[in-house]
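Undergrad:
Number of protein chains: 2
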Amino acid sequence: MSRTLIMIRVNLELLTYTARIHDKEQEPDVREQKFSPGEQILPQGKRVSHVYVIKKGIAKCYLSEDNGKDFIQEFFGEGELFGEIEVINDTFSFCCIEAITEVEVYRIERKYFKERVSTDTRFNQLIIKSLTNKISYKAHRHAYHQSHTSEENLLRLIGMFPQLLSKISKQDIANYLGITLRSLNRTINDLKNRNLLS
Amino acid sequence: MSRTLIMIRVNLELLTYTARIHDKEQEPDVREQKFSPGEQILPQGKRVSHVYVIKKGIAKCYLSEDNGKDFIQEFFGEGELFGEIEVINDTFSFCCIEAITEVEVYRIERKYFKERVSTDTRFNQLIIKSLTNKISYKAHRHAYHQSHTSEENLLRLIGMFPQLLSKISKQDIANYLGITLRSLNRTINDLKNRNLLS
DNA sequence: CGCGTAATTGAAAAGTATCAACACTGGTGG
DNA sequence: CCACCAGTGTTGATACTTTTCAATTACGCG
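Protein sequence lines correspond, in order, to chains A and B.
Using my numbering, read the first sequence as starting at 17 and increasing by one per residue.
Using my numbering, read the second sequence as starting at 17 and increasing by one per residue.
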C-alpha cells in the first residue's frame, strides 16, 4: 500500500523498477548521478531536461517566493520522483531540489521518460500512483497546517519522523512548517518544559 | 496550455472528452447527475465508487479536520475531476465535495474508469495532465499561503477570481484562506479604507 | 412578519514575527 | 596551539497579527 502520511516518503516500487531499467536493460537514457550535501540537483525556474528518481539519501524540495522566503514542499526519500510535473506539463521548474545528505539518483532523459510513460503500462501505473500519492500528501498536509497550531504541527512531524531534529537543520524544519526559526525554538522549549519532548 | 493558477480551475479538454464518451459512445457506465446548492456530491471518509467530472457549476472540495475545522482544498469548475485519487489508490475519500451552485456532473463507474485509464491512451493522458495540474496548483498555493500575509492572499485570490466576493460565501473564503471569518472581515475593511477594494 | 443563516464589529487573549544580542561548533591559518 | 571565522543554534523584549468570544445587524424566504 501507499505510504503518504510520513514526512520523508519513499516509493520502493518505483525505485526497483527504475533500477531494473538501468541495471538489466542497460538503458543509456537512464544514468546514475551523485550529489553532495547542499548541492542543487534541480534549480528553480529552468527548463527541465530530466526526470529524477532518488536512489539513496534525502533531498529537499523547496519553492522560493518573490519576497525571499523559502517554503519546503517535501523531503524526498528513496524512490521519490521529481521533475515529472514539469516534463509532462512542459513548464519550467517551480521548485528547487537540493541534496541534504549525500544523494544518488537515477536521471532519466526527458524524451525517454515521456515515451516510456506512454508505452510501458507498468511504468505508466507507477507514475500515476506516484502522482496521486503526492496529491494526497499535499492535501492532508495543507489542511492539517491550516487547522492546527504550530505546536501540533511539530508534534505530528516528529511523530512521523522521529530523527527529525537530528537529521534536518532547524531552519529547514521552520521552512517546512512555515514558521520562523524563533517560533520553532520557542515551541520546542515549551514542549520540553512540559516533558512532551526530550 | 494548462491553467493552474486561477482559483476556479477548468479542464475543457477532459470535459469534452467525457461528454463524447457519454453522448456519442452512449457508454452506460458514464451517467449524468444533478445536484442542488449545498448538496453533497461525495462525502468524506467513505468508499468511492465513482469518479466525477463537472459538467456545469461550481463545487467546493473541503477536508474536515478532527478539531472540527474545515479546510477548502479547491473550488472545482467545469471539467474538473474528483474521486480519481481514491479510486486509483483504493482509499476512502479524504475530502468532501459539495455543490455551491447548481451542479451537473458526469458520474463514471469506478471499474470502468480504471479500465479506461489503462486501455485508452488519450484518456490516460488527460488524467495524468489533470493530476499534474492539481499538484502544481497545490504546490504554488501552499507556498504562497505560507509566505504571505492574509491580505496578500486575499488580493491574489480576488485577482484570480474577481467575482469571488459575490459568488462565494465569506465563510468559504475564510476556510479557503485558512483564516477566521473575523480576520477576513478585518482584512476586507482595511483594503476598503485604503481604496484597494470596492 | 418571523425565522434561520450569513455577515459585521469590538475588546481581550493568544500566538507569531521581528530584531538584536549572544553561544556553540568545526575548520582554517598564523 | 590558539585566534578567528562562518554557519548554526539560542534567547529575551517588543510589536504586530490573528483568534476567540460575544453581541448585533442584515438578508432571504416561507
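Positions of the beta carbon are idealized from the N, C-alpha and C atoms, including for glycine.
1) Along chain A, in chain order, which residues have C-beta atoms closer than 8 Å to that of Lys183(B)?
2) How big is the Cα-Cα spacing for Ser166(B) and Ile37(A)?
3) Could you tell me whether the Cβ of Tyr68(A) comes closer than 8 Å to any Cβ of chain B?
4) Measure how close the beta-carbons of Leu79(A) and Ala155(B) come, nearest whole angstrom, since I'm counting them as under 8 Å.
5) Confirm, please, whether the CB-CB distance from Thr203(B) to Tyr122(B) is below 8 Å.
6) On the DSSP letters alone, give me the boundaries of the beta strand (DSSP E) that His8(A) sits inside.
7) State the beta-bridge partners of Tyr192(B) as determined by DSSP.
8) Can you have a look at Gln89(B) and say buried or exposed, based on whether 16 or more other CB atoms are within 10 angstroms of its CB?
9) Per DSSP, what are the beta-bridge partners of Tyr122(A) in this structure?
10) Please list the terminal residues of the continuous beta strand (DSSP E) segment that includes Ile113(B).
11) Are Val26(B) and Gly73(B) closer than 8 Å when you measure CB to CB?
12) Is it buried or exposed, Thr117(B), if we count other Cβ atoms within 10 angstroms and call 16 or more buried?
13) Spell out whether any CB of chain A is found under 8 Å from the CB atom of Ala75(B).
14) Applying the 10 Å Cβ sphere with the 16-neighbour rule, what's the burial state of Thr148(A)?
15) Contact criterion: CB-CB distance below 8 Å. Does Ser65(B) meet it with respect to chain A?
16) Does the stretch 136-152 of chain A come close enough to the stretch 100-119 of chain B that 3 or more CB-CB pairs lie under 8 Å?
17) Which residues in the same chain have their Cβ closer than 8 Å to the Cβ of Ala190(A), if we skip the five residues on either side of it in sequence?
18) Determine the extent of the beta strand (DSSP E) in which Gln89(A) is found, giving its start and end residues.
19) In whole angstroms, give me the CA-to-CA distance for Tyr128(B) and Lys50(B).
20) I'd like to know whether the C-beta atoms of Gly175(A) and Phe87(A) end up nearer to each other than 8 Å.
21) When DSSP builds the beta bridges, which residues end up paired with Ala35(B)?
22) For the candidate residues Glu41(A), Lys40(A), His164(A) and Leu207(A), whose alpha-carbon lies nearest to that of Asp82(B)?
23) Should Glu81(B) be flagged as near chain A, meaning a C-beta pair shorter than 8 Å?
24) Looking at chain A, is there any beta carbon in it that lies within less than 8 Å of the beta carbon of Ala190(B)?
25) Using Cβ-Cβ distances below 9 Å, what residues of the stretch 186-212 of chain B are close to chain A?
26) Going by alpha carbons, who is nearest to Arg126(A) out of Arg210(A), Glu41(A), Leu212(A) and Arg47(A)?
27) With a threshold of 8 Å on Cβ separation, who are the neighbours of Phe92(B) within its own chain once the five nearest residues in sequence on each side are excluded?
28) Put Leu79(B) into one of helix, strand or coil per three-state DSSP.
29) Out of Ala115(B), Leu28(B) and Ala159(B), which has the shortest C-alpha to C-alpha gap to Glu55(B)?
30) Whose CA, out of Glu96(B), Thr137(B), Phe139(B) and Tyr192(B), lies closest to the CA of His158(A)?
31) Less than 8 Å between CB atoms is the rule here; does Ala115(A) satisfy it with respect to chain B?
32) Does the distance from the CB of Phe139(B) to the CB of Gln60(B) come in under 8 Å?
TA: The answer reads as follows:
1) As a first step, residue 183(B) is located in the second sequence; it is residue number 167 there, counting from the start. Residues of chain A passing the Cβ test: none, with the nearest at roughly 22 Å.
2) In the second sequence, counting from the first residue as 1, residue 166(B) sits at position 150. In the first sequence, counting from the first residue as 1, residue 37(A) sits at position 21. In a straight line, the C-alpha of Ser166(B) is about 47 Å away from that of Ile37(A).
3) Start at 1 with the first residue of the first sequence, and residue 68(A) comes out as number 52. Chain B contact via Cβ: absent.
4) Position 63 of the first sequence, counting from 1, holds the residue named residue 79(A). Position 139 of the second sequence, counting from 1, holds the residue named residue 155(B). Contact holds; Cβ gap of about 7 Å.
5) Walking along the second sequence from the start, residue 122(B) turns up at place 106. Walking along the second sequence from the start, residue 203(B) turns up at place 187. In this structure, Thr203(B) does not lie closer than 8 Å to Tyr122(B) by Cβ.
6) Lying before the first or after the last residue shown, residue 8(A) is absent from chain A, which here runs from 17 to 214.
7) In the second sequence, counting from the first residue as 1, residue 192(B) sits at position 176. Its beta-bridge partners do not exist; DSSP assigns none.
8) Within the second sequence, the letter at position 73 stands for residue 89(B). By the 10 Å Cβ count, Gln89(B) comes out buried.
9) Along the first sequence, one-based indexing puts residue 122(A) at 106. Glu48(A) and Val69(A), per the DSSP bridge assignment.
10) To locate residue 113(B), count along the second sequence from 1; it is residue 97. Ile113(B) -> beta strand (DSSP E) spans Cys112 to Ala115.
11) Here residue 26(B) refers to the residue found at position 10 when the second sequence is read from its first residue. Here residue 73(B) refers to the residue found at position 57 when the second sequence is read from its first residue. Contact flag unset, no.
12) Numbered from 1 along the second sequence, position 101 holds the residue referred to as residue 117(B). Thr117(B) comes out exposed.
13) Here residue 75(B) is taken as the residue at index 59 of the second sequence, counted from 1. Answer no: the Cβ-Cβ gap between Ala75(B) and chain A never drops below 8 Å.
14) Sequence index remark: in the first sequence, residue 148(A) carries index 132 (1-based). The residue is buried, with at least 16 neighbouring Cβ atoms inside 10 Å.
15) Sequence index remark: in the second sequence, residue 65(B) carries index 49 (1-based). Output row for Ser65(B): interface = no.
16) yes
17) Position 174 of the first sequence, counted from the start, is the residue given in the question as residue 190(A). These residues qualify, in order along the chain: Thr196, Leu197, Ser199 and Leu200.
18) Here residue 89(A) refers to the residue found at position 73 when the first sequence is read from its first residue. Taken as a continuous stretch (DSSP letters only), the beta strand (DSSP E) holding Gln89(A) covers Asp86 to Phe92.
19) What you label residue 128(B) is simply residue 112 of the second sequence in a count that begins at 1. What you label residue 50(B) is simply residue 34 of the second sequence in a count that begins at 1. Straight-line Cα distance between these residues: approximately 21 Å.
20) The residue labelled residue 175(A) in the question sits at position 159 within the first sequence. The residue labelled residue 87(A) in the question sits at position 71 within the first sequence. Contact: no.
21) As a position in the second sequence, residue 35(B) is number 19, starting the count at 1. Partner(s): none; Ala35(B) has no beta bridge.
22) Translated into the one-based positions of the second sequence, residue 82(B) becomes position 66. The option with the nearest alpha carbon to Asp82(B) is His164(A).
23) The count along the second sequence starts at 1 and reaches residue 81(B) at position 65. At least one chain A Cβ lies under 8 Å of Glu81(B).
24) One-based indexing of the second sequence puts residue 190(B) at position 174. No, its Cβ sits nowhere closer than 8 Å to a Cβ of chain A.
25) Asn191, Leu193, Gly194 and Ile195
26) Mapped onto the first sequence, residue 126(A) falls at position 110. The shortest Cα separation from Arg126(A) among Arg210(A), Glu41(A), Leu212(A) and Arg47(A) belongs to Arg47(A).
27) Here residue 92(B) is taken as the residue at index 76 of the second sequence, counted from 1. So the qualifying residues of the chain are Ile24, Arg25, Ile70, Ile74, Ala75, Lys76, Cys77, Phe98 and Ile113.
28) Against the second sequence, residue 79(B) aligns to sequence position 63. If DSSP states are grouped into helix, strand and coil, Leu79(B) belongs with the strands.
29) Residue mapping note: residue 55(B) aligns to position 39 of the second sequence, counting from 1. Of the candidates Ala115(B), Leu28(B) and Ala159(B), the one whose C-alpha sits nearest the C-alpha of Glu55(B) is Ala115(B).
30) Counting from 1 along the first sequence, the entry for residue 158(A) is found at position 142. Here the closest residue by C-alpha is Tyr192(B).
31) Locating residue 115(A) in the first sequence gives position 99, where the first residue counts as 1. With 8 Å as the cut-off, Ala115(A) does not count as an interface residue toward chain B.
32) On the second sequence, residue 139(B) is found 123 positions in, with the first residue counted as 1. On the second sequence, residue 60(B) is found 44 positions in, with the first residue counted as 1. Result no, Cβ atoms of Phe139(B) and Gln60(B) do not sit closer than 8 Å.
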